[in-house]
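J.:
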Amino acid sequence: MVDPEGAVFLFRYDNSEVGVHWALPGGGLEPGETPREGAVRELAEETGWTDLVPGLLLCTWEHDFTRAGVPVRQHEHIYVTPGPRRDPTASAHATHSAEGILGGRWWTPAELASAAEPVWPPDLGRLLAERAR
């Protein structure tokens, strides 16, 4: 989700295996779901925003991590989804603690470049700045 000024909305997650980090709303695909369909569903589930349509694919980020003790190779399709600056809905916010979401905020590309905590994907600020040119 990118606002008209180029800021992006990220959640702050606390994960027992990787620690505290900032990341875009998202998650796994349901059976038969395309990455774009999954992005729409996950954005609606985690933010309550149901009026947005993913734009261009910004990147596909492939990375390895461990989930529940099992090594995972993940492919994240990151779309530029334009929309207004706003907060997640109350109903979406109510589910956050169960998902390890500590909060969320809007970040400019410059803020992403100097974040004190890890941001996923690590080059998100650079990618967004390049896209804005």
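In UniProt numbering, the protein residues as written are 1 to 133. Backbone N, C-alpha and C define an ideal beta-carbon position, used for all residues, glycine too. Fair warning: this is a prediction, and the values are worked out from it, not measured in the lab.
Is it right to say Val70 is buried, meaning 16 or more other beta carbons lie within 10 angstroms of its own, or is it exposed?
T.: exposed
J.: Measuring CA to CA, which of Glu5, Leu10, Pro4 is closest to Trp106?
T.: Leu10
J.: Indicate whether Gly48 and Pro88 have their beta-carbon atoms separated by less than 7 Å.
T.: yes
J.: To the nearest angstrom, report how far apart Leu52 and Tyr79 are at their CA atoms.
T.: Straight-line Cα distance between these residues: approximately 11 Å.
J.: Counting only the same chain and skipping the five closest in sequence on each side, list residues whose C-beta sits under 7 Å from that of Gly6.
T.: Thr108, Pro109, Leu128, Ala132
J.: Can you give me the Cβ contacts of Ala94 inside the same chain, cut-off strictly under 8 Å, excluding the 5 residues immediately before and after it?
T.: none
J.: Near Ala39, which residues of its chain fall below 6 Å by C-beta distance, leaving aside the five closest residues on each side in sequence?
T.: Pro54, Tyr79
J.: Of the residues Asp123, Leu57, Leu124, Met1, which one's Cα is nearest the Cα of Glu46?
T.: Met1
J.: Using the DSSP secondary-structure output, state which residues sit across from Glu76 in a beta bridge.
T.: Trp61
J.: To the nearest angstrom, how far is it from the Cα of Leu24 to the Cα of Trp120?
T.: 7 Å
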